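Just so you know, the protein sequences line up as chains A and B, in that order.
Take 75 as the starting number for the first sequence in my numbering and just add one per residue.
Take 9 as the starting number for the second sequence in my numbering and just add one per residue.
From the three backbone atoms N, C-alpha and C, an ideal C-beta is built for every residue, glycine too.
Bear in mind that the values here come from a model prediction, so they are computed numbers and not experimental data.
Okay, structure first, notes after.
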Amino acid sequence: MSDIKQDVQLEEKCFHCGDKIEERGYHLDNHDFCCLGCQTVYQVLHESGMQQYYRYNQHPGKSNRTEKEDFSYLDEPQIADKLIDFKDDKITIITFYIPAIHCSSCIWLLENLYRLTPHVLQSRVDFMKKQASITFSHGQLPLKELVYLLSNIGYDPKITLQDVVKEGNKRNLNPLVAKIAVAGFCFGNSMLFSFPDYFGMGAFEKEYASFFGYVNLMFGLPVLLYCASDYFKSAIFSLKQKRLNLDVPLALGILVLFMRSAFEVITQTGAGFTDTLCSLVFFILIGKWVQQRTYYHISFERDYRSYFPVAVTVLTESGDKPVQLADVRIGDRILVRNNEIIPADAMLLKGEAAIDFSFVTGESSPIHKILGEIIYAGGRQIGEAIELEVVKPVSQSYLTRLWNNENYKDYDRHFQTFVNFISKYFTVVLLAIAFFAAASWVIDGNANKAWGAFTAVLIIACPCALALSSPFTLSAALSIFDRNKFYVKNTAAIEQMASIDTLVFDKTGTISSPKAASIYFEGRLSATEKNMLSAVCRNSNHPLSREIVKWLGSAHGLSNSQVSDFKEFPGRGMLANVGGQQVQIGSATFMGIGNIKSDGSVVFIRIGEDLKGYFTVEQSWREGLSTLVEDLREDYGLHLISGDNDRRLDALKLIFPSDATLLFNRSPMEKLDAIQQFQGAGKHVCMVGDGLNDAGALRKADLGIAVSDDINNFSPGCDAILDGDSFAKLPRFFAFSKDAVKVIHMSFGISLLYNIIGLSFAVQGTMSPLFAAILMPISTVTIISFTSLMTRCYAKRHKL
Amino acid sequence: MEIMYILIGCSVFLALVFLCAFFWANETGQHNDTYTPSVRILFDDDRADEANPE
Chain A
75 MSDIKQDVQL
85 EEKCFHCGDK
95 IEERGYHLDN
105 HDFCCLGCQT
115 VYQVLHESGM
125 QQYYRYNQHP
135 GKSNRTEKED
145 FSYLDEPQIA
155 DKLIDFKDDK
165 ITIITFYIPA
175 IHCSSCIWLL
185 ENLYRLTPHV
195 LQSRVDFMKK
205 QASITFSHGQ
215 LPLKELVYLL
225 SNIGYDPKIT
235 LQDVVKEGNK
245 RNLNPLVAKI
255 AVAGFCFGNS
265 MLFSFPDYFG
275 MGAFEKEYAS
285 FFGYVNLMFG
295 LPVLLYCASD
305 YFKSAIFSLK
315 QKRLNLDVPL
325 ALGILVLFMR
335 SAFEVITQTG
345 AGFTDTLCSL
355 VFFILIGKWV
365 QQRTYYHISF
375 ERDYRSYFPV
385 AVTVLTESGD
395 KPVQLADVRI
405 GDRILVRNNE
415 IIPADAMLLK
425 GEAAIDFSFV
435 TGESSPIHKI
445 LGEIIYAGGR
455 QIGEAIELEV
465 VKPVSQSYLT
475 RLWNNENYKD
485 YDRHFQTFVN
495 FISKYFTVVL
505 LAIAFFAAAS
515 WVIDGNANKA
525 WGAFTAVLII
535 ACPCALALSS
545 PFTLSAALSI
555 FDRNKFYVKN
565 TAAIEQMASI
575 DTLVFDKTGT
585 ISSPKAASIY
595 FEGRLSATEK
605 NMLSAVCRNS
615 NHPLSREIVK
625 WLGSAHGLSN
635 SQVSDFKEFP
645 GRGMLANVGG
655 QQVQIGSATF
665 MGIGNIKSDG
675 SVVFIRIGED
685 LKGYFTVEQS
695 WREGLSTLVE
705 DLREDYGLHL
715 ISGDNDRRLD
725 ALKLIFPSDA
735 TLLFNRSPME
745 KLDAIQQFQG
755 AGKHVCMVGD
765 GLNDAGALRK
775 ADLGIAVSDD
785 INNFSPGCDA
795 ILDGDSFAKL
805 PRFFAFSKDA
815 VKVIHMSFGI
825 SLLYNIIGLS
835 FAVQGTMSPL
845 FAAILMPIST
855 VTIISFTSLM
865 TRCYAKRHKL
Chain B
9 MEIMYILIGC
19 SVFLALVFLC
29 AFFWANETGQ
39 HNDTYTPSVR
49 ILFDDDRADE
59 ANPE
């Protein structure tokens, strides 16, 4: 019976964060928790009478097991001043970027901060941007304490000096919105003033006709000069470059529309086309706006500065002092704690260094360094705190030099979108038809009609619908990708994606996941020994301990009380006494035995005097890797370039097709060169990578996709960020991007059809203002609805 | 029918007032966050609940 009960309870979820409860023993007020962190948050909120937090959503928290960051640098006024928005002698206003914001409970809690501490005066959350703007009295509550408070309730702010947050704070001064507003205003009004003419006016109303005409012209003027100004600039620029982009026929159409309207109104020969002009500009501006859609909380342009910490602890004679990174000098003695990043090339002075370079070089296992060795910046120390002497300033370290390397600079990508391609021919054909129509009327001896036909052709064939087809299709595709946790930088990248024929993968962190570990045990353990191990490992928060607890699974029965003298040595192992027997768990050096060669981390077990065996924990391939390769191998060339060694070559050979190039031990520069080689062979290459060592290749490739398990974490500059969870969907993403381009082609066909209908009237010189005023919006609406529906239809077909 | 000119002038003036109102709203950042207020309005005034949690 008790077994069944246990099983049922194992299925229970943490009251705070909803994670499965793997370790028992966190229990409060009839609620179970997965860890002490979650329980503490609950306790804090409960004591302040804020249980409402749990009522708006089930399990509103985020599991909170990562180690707490050291925020002591926030006491340095120099650093703090760069972060805050406003400060006077009483209050400070600061805006934090808080990645954990994800539900309405988060909003509620953060906006009720004042109930936790009276020194927070006001807090406001911007949900989409994941920002909280907090006003507090810094006299009673220093900035550091505020950050610790947030951290304690599970909302750690992400603090970097160079990042999206500060940029996002700017007011909404996008001139495009203002232009759309003005164009919409003019469109609405000029349409109203055109109605009398469309419906026909009685004889006595005719006296108003010219008045309405002039009023309309007045509305056309700001549209021409202000709203459409970008189109003229762009058209002139592209003509100077001897290229024809789509803005050329658009600008031409707009200009001709206005001139003909002005001519007709002033000579009192007609009502003009001002309403058509306004609606045209209004719609194409909306298309532009749709295309400009950006992500608030994801930055695609991050560089090393947002990877490094804000400040580093410098040891001086007068004690430890946090110093901002830019002020670190050669010869400074710095302290790097467990899980912190080494900010500059430095020499190891004290402590045992085990540096995880996986993000920088792609090597999967930590590297041990001995005293006096130079450690390159960018690695993450795992284990005890170490002391280092800086040998190079941050801006000239190995890593940052790589970044500033010429080859890493943004490449001018010679990529032609479909619309660019079409517009070249479009303009030429359009002008040819216009001149032809005019010429044939002149030959006919009807010079009056020639001018009418010429302008009518330019007006009616204005590629408004064409200009809208690609923004609307691609932005619909963008939001579908977004829903599937694939964040594409802009609409052009989707078209780029459709043209890709070669995919190059990185290994560590890209096709293998740092989260998914496979664990093996070599040796023998009895049931009691398993229980002892489990009891000891539960005391540690180290990821490897948690993996071992998971592996031991149902082993339980020993309560914590039977574990005594528990001691943890960060990065090395732990020691405890269980029921009178000494249990030692840890690395080879910790146990005092020689290292064995292995792929991942190795954890040895000693109970009493006997070595019982060892666990090997390896990064395993991401879920769905083999099906992904299977799905892609027919249409795409697949390759792998890794910075790591070729230990797992055999396994990879089984997964990748036989014609795939598998390269190992490649430096960042060599990765970039390999991409260049593929491109030299005429391939359109997509690089799928994750770390800093891929940064060059990601930029060089026609499309760079960064894989990240937490999109809020640092990822190198790229065209798209793929959430690790959606890795298996990659083939479908690629297929869908091709369909999106197909939709653009189809909608181009439709808009061409409208143009032909319009042209057949225009060349005859019989186009009335009413006809233009109806045709223009109808074609626009058709295109917008067709593209949106078609794109979603394709998405459904791909189950996205 | 000279009144037409005045009426049209009035209507255009009124429309301009609304356009200016939009600009003002945009400049003061009222369109910056279009989501959070929709959630915020749904929160209860919780003073009464505090006495009987859960």
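**Message:** Is there a Cβ of chain A sitting closer than 7 angstroms to that of Val-47(B), yes or no?
**Reply:** Answer yes: the Cβ-Cβ gap between Val-47(B) and chain A drops below 7 angstroms somewhere.
**Same chain, Cβ closer than 7 angstroms to Pro-61(B), five either side skipped, listed in chain order** = Because Pro-61(B) carries a pLDDT of 42, less than 50, the predicted location of this residue cannot be relied on, and no value is offered for it.
**Prompt:** Buried or exposed: Lys-443(A), going by 16 or more other Cβ atoms within 10 Å of its Cβ?
**Reply:** Buried, since its Cβ has 16 or more Cβ neighbours within 10 Å.
**Asked** Would you report the Cα separation of Ala-539(A) and Gly-823(A), rounded to the nearest angstrom?
**Response** Answer to the nearest angstrom: the Cα atoms are 10 angstroms apart.
**Message:** According to DSSP, Met-648(A) sits in a beta bridge with which residue or residues?
**Reply:** DSSP output for Met-648(A) lists Glu-642(A), Ile-659(A) as bridge partner(s).
**Request:** For my contact list, Cys-760(A) and Leu-777(A) are in at a C-beta cut-off of 8 angstroms; report their separation, rounded to the angstrom.
**Result:** Yes, they are in contact, since the Cβ atoms of Cys-760(A) and Leu-777(A) sit about 4 angstroms apart, within 8 angstroms.
**Asked** Since Pro-851(A) contacts Ser-543(A) with CB under 8 angstroms, what's their CB separation in whole angstroms?
**Response** Taking C-beta atoms under 8 angstroms as the contact rule, Pro-851(A) and Ser-543(A) fail to qualify, at a distance of about 15 angstroms.
**Residues that Ile-11(B) contacts on chain A, provided the C-beta gap is smaller than 8 angstroms** = Those do not exist, as Ile-11(B) stays about 12 angstroms from chain A at its closest Cβ, beyond 8 angstroms.
**Asked** Hey, does Trp-363(A) have any beta-carbon neighbour from chain B nearer than 7 angstroms?
**Response** Answer no: the Cβ-Cβ gap between Trp-363(A) and chain B never drops below 7 angstroms.
**Prompt:** Leu-27(B) versus chain C: which residues are under 8 angstroms apart at the beta carbon?
**Reply:** Among the chains of the structure shown, chain C does not appear; the protein chains present are A and B.
**Prompt:** Got a sec: is the Cβ-Cβ distance from Asp-200(A) to anything in chain B below 7 angstroms?
**Reply:** For Asp-200(A), the nearest CB of chain B lies under 7 angstroms from its own CB, placing it at the interface with that chain.
**Asked** Buried or exposed: where does Thr-865(A) fall if 16 or more other Cβ atoms within 10 Å of its Cβ makes it buried?
**Response** Buried is the call here.
**Item:** Contact the segment 384-391 of chain A vs the segment 807-814 of chain A: 3+ CB pairs below 8 angstroms
**Value:** Counting Cβ pairs under 8 angstroms, fewer than three are found: no touch.
**Request:** For Trp-67(A), count neighbouring Cβ atoms within 10 angstroms of its own Cβ and tell me buried if that reaches 16, exposed if not.
**Result:** Absent from the structure is residue 67(A), since the part of chain A shown begins at 75 and ends at 874.
**Asked** What first and last residue would you give for the beta strand (DSSP E) that runs through Pro-192(A)?
**Response** First-last for Pro-192(A): undefined, no H or E at that position.
**Cross-chain neighbours of Ala-252(A) in chain B, by beta carbon under 8 angstroms** = The answer, in chain order, is Phe-31, Asn-34.
**Request:** Inspect the CB distances between the segment 725-745 of chain A and the segment 609-627 of chain A and report whether three or more fall short of 8 angstroms.
**Result:** Taking 8 angstroms as the limit for Cβ pairs, the verdict is that the segment 609-627 of chain A does not touch the segment 725-745 of chain A.
**Prompt:** Between which two residues does the beta strand (DSSP E) harbouring Arg-680(A) extend?
**Reply:** 675-681 is the extent of the beta strand (DSSP E) around Arg-680(A).
**Asked** Using the beta-carbon of each residue, which ones in chain A are nearer than 7 angstroms to Phe-21(B)?
**Response** Close partners of Phe-21(B) in chain A (Cβ separation under 7 angstroms) are lacking, with about 11 angstroms as the shortest Cβ gap.
**Message:** Within a Cβ cutoff of 7 angstroms, which residues of the same chain sit near Ile-858(A), ignoring the five residues on either side of it in sequence?
**Reply:** Setting aside the 5 residues that flank it on each side, Ile-858(A) is surrounded in the same chain by Leu-542, Phe-546, each with a C-beta closer than 7 angstroms to its C-beta; the list follows chain order.
**Asked** Tell me, which residues are paired with Ala-780(A) by DSSP?
**Response** Paired residue(s): Gly-763(A), Ile-795(A).
**Prompt:** Where does Asp-321(A) fall in DSSP's three states?
**Reply:** Asp-321(A) falls in the helix class under three-state DSSP.
**Prompt:** Start and end of the alpha helix (DSSP H) containing Gly-393(A)?
**Reply:** That residue, Gly-393(A), is in no alpha helix (DSSP H); its beta strand (DSSP E) goes 393-398.
**Request:** Residues of the segment 176-191 of chain A with a CB closer than 8 angstroms to any CB of chain B: list them in chain order, please.
**Result:** Legend: CB atoms of the segment 176-191 of chain A lying less than 8 angstroms from CB atoms of chain B belong to residues Ser-178, Ile-181, Trp-182, Glu-185.
**Item:** Where the segment 282-297 of chain A meets chain B: residues whose CB sits under 8 angstroms from a CB there
**Value:** Residues passing the 8 angstroms Cβ filter: Tyr-282, Phe-285, Val-289.
**Request:** Take Glu-185(A) as the anchor and find which of Ser-661(A), Val-762(A), Pro-192(A), Ala-206(A) has the nearest alpha-carbon.
**Result:** Residue Ala-206(A) is the option with its Cα nearest to Glu-185(A).
**Prompt:** What are the uninterrupted segments assigned as beta strand (DSSP E) that are 3 or more residues long and contained completely in the segment 265-310 of chain A, given in chain order?
**Reply:** If we require 3 residues or more, the segment 265-310 of chain A turns out to have no beta strand (DSSP E) run fully inside it.
**Request:** Would you check if the distance between the CB atom of Phe-752(A) and the CB atom of Thr-576(A) is smaller than 7 angstroms?
**Result:** Phe-752(A) is a Cβ neighbour of Thr-576(A), given a cutoff of 7 angstroms.
**Request:** Evaluate Trp-182(A) with the Cβ neighbour count: other Cβ atoms within 10 Å of its Cβ, from every protein chain shown; 16 or more gives buried, anything less gives exposed.
**Result:** Around the C-beta of Trp-182(A), 16 or more other C-beta atoms lie within 10 Å, and the residue is accordingly described as buried.
**Message:** Among the candidates Lys-218(A), Ile-158(A), Tyr-229(A), whose CA atom is the shortest distance from the CA of Val-115(A)?
**Reply:** When each option's Cα is compared against that of Val-115(A), the closest is Tyr-229(A).
**Item:** Where Cys-301(A) falls, given that 16 or more other Cβ within 10 Å makes a residue buried
**Value:** Counting of Cβ neighbours within 10 angstroms places Cys-301(A) among the buried residues, the total reaching 16 or more.
**Message:** Quick check on Ile-679(A): buried or exposed, where buried means 16 or more other Cβ atoms within 10 Å of its Cβ?
**Reply:** So Ile-679(A) ends up on the buried side.
**Request:** Please confirm whether Leu-148(A) and Val-221(A) have their CB atoms less than 7 angstroms apart.
**Result:** With a cutoff of 7 angstroms on beta-carbon distance, Leu-148(A) and Val-221(A) are scored as near each other.
**Request:** Using a Cβ cut-off of 7 angstroms, pull out every chain B residue sitting near Asn-263(A), in sequence order please.
**Result:** Here the neighbours are Val-20, Ala-23.
**Message:** Within a Cβ cutoff of 7 angstroms, which residues of the same chain sit near Ser-929(A), ignoring the five residues on either side of it in sequence?
**Reply:** The structure shown has nothing for residue 929(A), since chain A only spans 75 to 874.
**Asked** Which of the three DSSP states, helix, strand or coil, is assigned to Val-384(A)?
**Response** Note: Val-384(A) maps to coil in three-state DSSP.
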